[in-house]
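Quick notes on the structure that follows.
Residue numbers (our numbering), protein chains in the order written: chain A, 1 to 360; chain B, 1 to 422.
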């Protein structure tokens, strides 16, 4: 009853606000089932609440268009959903609006946002929405008897024959190669700082290079698996979950050696609807929408207070808690992406990665 | 009448029109008007070409030698370098560095500064950003303060890179584009072996473009000949078959090839069904050089057929008949009579296909995998992923120079006025 009343009042308020000013914000994200989860959990409720319109656009990597747009003085994106290392880099280069974390809405119990978010989820220019991870997944029909369970199995072509899908970038692949080579998660980045470590990672990648199909967009790996082009592929965990549970595909995630990362909302400098964009970001990263998103895709909310509200998947059966990268059972041998390392080494390692790819 | 008789007869009174204006002036006026009119007709096109072609290419070439990300945001250090040249850093230099770090952090340009240095010396980006965070609290002596923050500040190579970066103009990106760099002493050396990528890809681009141009010629020549010799009603029908794919979107044609070529694709399925290969022996025809060559040859084939066709149509069949009646074998007649007359078409086709292939992007990006990517894919990588626009511009500049060189060679060998495009 109370809820109904609340809804009714909020709708009235929303109508009032709508007549006052109906604006538009353009939100750029990664596409596929991930964008869909954001549309359902953030955009539709915000549009209903404020009467404003959200235009949703997709990119292979929403961080990519920001620099060209800001430098050309022709910014069309109001909000972009980017990875941690990109958020830090863009912020350092002065390409983003600053976001004062004290203006973010507190948790329902009054805990200020700065304490409610997971450590590292707030930066000068960015607010995290989710914790996601790069994992690998396999087609269960290909390995019915003894399925792969560790990162090393991904690189084992003898025990687990078949093509592999991997992202066409140095990031994540180098870490996974080292973990497959027996390096514990907490030593990976120390080792990658050294030339020997990088050599060792590339040597490990060499062992499967001929069997790799490279993907670039997040929607590709489930497709590659479904087409039978690959037997296993690295992928973003939520995409595999949605293909497996949402569409009933025979895919299984292997959590061993997962690499966790944040996705954050940023506002490019000179965004045409900056104030509305700020309002959208505040709304989207408040407790309830973050919890709601988890029922559309298996990414963990970046707020602690959202955790308790995470419920079932949209099919009404699957509990989402155990599907999150942050679930206790999935955390053994998990690696947290080191954004400083990548902000620093991306140029060098990408160049080396490109050279490695080009050498046949 | 003798020449020049009129002006001699009336030297003081120049010819005039009916309304008293000297004829010379009136003529000039009329001509000027005509010239203006002609210019006004051409002007929109000229402006369009300047705005859409000359300016962007100029900007690109400028960008390849100019990068002020360091010099614009480190004014004190730039001033010190200007005064002190090659001298080792003294107290004033260290102080200038600290002042610049503070200010660059303040106006959020420290990332740009670090990135610029990072292009030439990997791993230095965080050196700038992390030291800048501490720069506010630093006190003299600044040298010790900086070395305390990170001992890498004492690296002479770093100072060498900073010195070179203090000028907004640099050839460093062209050096990078040919896998070279400068060492601490300023000498040009090859980059580390496992980072050498651009020269190899340039060669690959060249090699694959030549292969594709030759394949297009071998496939297109007989087709064009058939089209040119068939009666009109049949040849028009066949022409549609050439033109339909030509009018179809590039992306559609490329993805169609993906459907055909992938290892679970149509071609492999048919081969398995026929029993030519086993289920385990599916052939990898995509995500490699083979896939790129097959798809690009198909996509660029019309650019070879159309100029060949237009040249072949104009060759009277009686020439070859005459040669045959005089005793030439069909091979001799082809080689000595027909082939030489189609050379303008061959030249145009090869040039078109080659130049288009050298800059191809979408097809190798989709079906190229690792061994089938071209230089354009690396240019796109630096535009979109690494944001090293100066390097992208330098790579594109080299590509442009190569195409111009080829055009010049063609002009010398075949003559550009011999080219027939359609």
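Even for Gly, the Cβ is constructed at its ideal location relative to N, Cα and C.
Specify whether the region 325-333 of chain B and the region 276-287 of chain B touch according to this definition: at least 3 beta carbon pairs, one from each stretch, less than 8 Å apart.
no
Could you give the C-beta distance for residue 185 (chain A) and residue 333 (chain A), rounded to a whole number, given that I count them as a contact under 8 Å?
5 Å
Roughly how many angstroms lie between the CA atoms of residue 244 (chain B) and residue 224 (chain B), to the nearest whole one?
16 Å
Is any heavy atom of the ligand NAP found at a distance shorter than 7 Å from the C-beta of residue 263 (chain A)?
With respect to the ligand NAP, the structure shown offers nothing to examine, as it has no ligands at all.
Quick one: which chain B residues come within Cβ less than 9 Å of residue 274 (chain A)?
The contacting residues do not exist; residue 274 (chain A) stays about 16 Å from chain B at best.
Apply the 10 Å Cβ neighbour rule to residue 8 (chain A) and answer buried if 16 or more other Cβ atoms are within range, or exposed otherwise.
In this predicted model, residue 8 (chain A) has a pLDDT of only 49, less than 50, meaning its place in the structure is not dependable enough to derive any value.
I need the boundaries of the beta strand (DSSP E) containing residue 25 (chain A), first residue and last residue.
24-29
Name the chain A residues that come within less than 9 Å of residue 381 (chain B), Cβ to Cβ?
350, 354
Starting from residue 275 (chain A), trace the alpha helix (DSSP H) both ways and give me its first and last residue.
274-284
Can you confirm whether the region 196-208 of chain A touches the region 91-107 of chain A when touching is taken to mean that 3 or more C-beta pairs between the two stretches lie within less than 8 Å?
no
Members of the region 170-195 of chain B near chain A, C-beta cut-off 7 Å
194, 195
Does the pairing of the region 52-70 of chain A with the region 25-32 of chain A give three or more beta-carbon distances under 8 Å?
yes
Is the shortest distance between the beta-carbon of residue 197 (chain B) and the beta-carbons of chain E less than 8 Å?
Protein chains A and B are contained in the structure displayed, whereas chain E is not.
Whose Cβ in chain B lies nearer than 8 Å to the Cβ of residue 67 (chain A)?
Residues of chain B passing the Cβ test: 387.
Answer yes or no: does any C-beta atom of chain B fall closer than 8 Å to that of residue 263 (chain A)?
no
For residue 218 (chain B), count neighbouring Cβ atoms within 10 angstroms of its own Cβ and tell me buried if that reaches 16, exposed if not.
exposed
Chain-ordered residues of the region 184-216 of chain A with a beta carbon less than 7 Å from chain B
Answer in chain order: 213, 214.
Starting from residue 82 (chain A), follow the beta strand (DSSP E) in both directions and report where the run begins and ends.
In the DSSP assignment, residue 82 (chain A) falls within the beta strand (DSSP E) that extends over 79-83.
Roughly how many whole angstroms lie between the Cα atoms of residue 407 (chain B) and residue 213 (chain B)?
15 Å
Please state whether DSSP places residue 230 (chain A) in a helix, a strand or coil.
coil
For residue 218 (chain A), which of A:351, A:135, A:358 has the nearest alpha-carbon?
Residue A:135 is the option with its Cα nearest to residue 218 (chain A).
Locate the beta strand (DSSP E) running through residue 197 (chain B), then write down its first and last residues.
Per DSSP, residue 197 (chain B) belongs to no beta strand (DSSP E) and is neither H nor E.
Evaluate residue 58 (chain B) with the Cβ neighbour count: other Cβ atoms within 10 Å of its Cβ, from every protein chain shown; 16 or more gives buried, anything less gives exposed.
The C-beta of residue 58 (chain B) has fewer than 16 other C-beta atoms within 10 Å across all chains shown, which makes the residue exposed.
Report, in whole angstroms, the separation of the C-beta atoms of residue 165 (chain A) and residue 233 (chain A), which I expect to be a contact under 8 Å.
The pair is a contact, with the Cβ atoms about 3 Å apart (cut-off 8 Å).
Residues near residue 346 (chain A) in its chain [Cβ-Cβ closer than 6 Å; skip 5 each side]
none
Residues that residue 81 (chain A) contacts on chain B, provided the C-beta gap is smaller than 7 Å:
Under a criterion of Cβ atoms nearer than 7 Å, no residue of chain B is adjacent to residue 81 (chain A); the nearest Cβ is some 17 Å distant.
As an exercise, report each continuous alpha helix (DSSP H) stretch of at least 4 residues that is fully enclosed by the region 167-200 of chain A, in chain order.
173-180, 188-192
Contact set between residue 287 (chain B) and chain A, taken where Cβ atoms lie within less than 8 Å:
213, 214
Local Cβ density within 10 Å of residue 167 (chain A), reported as buried at 16 or more and exposed below that:
buried
Thinking just about the alpha-carbon of each residue, which of A:63, A:113, A:93 is nearest to the one in residue 302 (chain A)?
A:113
Cβ shell of residue 235 (chain A) (< 6 Å), same chain only, five flanking positions each side left out
137, 221
Interface residues of the region 70-96 of chain A facing chain B [CB-CB below 7 Å]:
89, 92, 93, 94
For the structure I just gave you, are there three or more beta carbon pairs, one from the region 127-147 of chain B and one from the region 161-177 of chain B, closer than 8 Å?
no
Around the Cβ of residue 102 (chain A), are there at least 16 other Cβ atoms within 10 angstroms (buried) or fewer (exposed)?
Exposed, by the Cβ-count rule.
Per the DSSP calculation, residue 263 (chain A) is bridged to which residue(s)?
A:83, A:130
Alpha carbon of residue 163 (chain A) to alpha carbon of residue 231 (chain A), nearest angstrom:
5 Å
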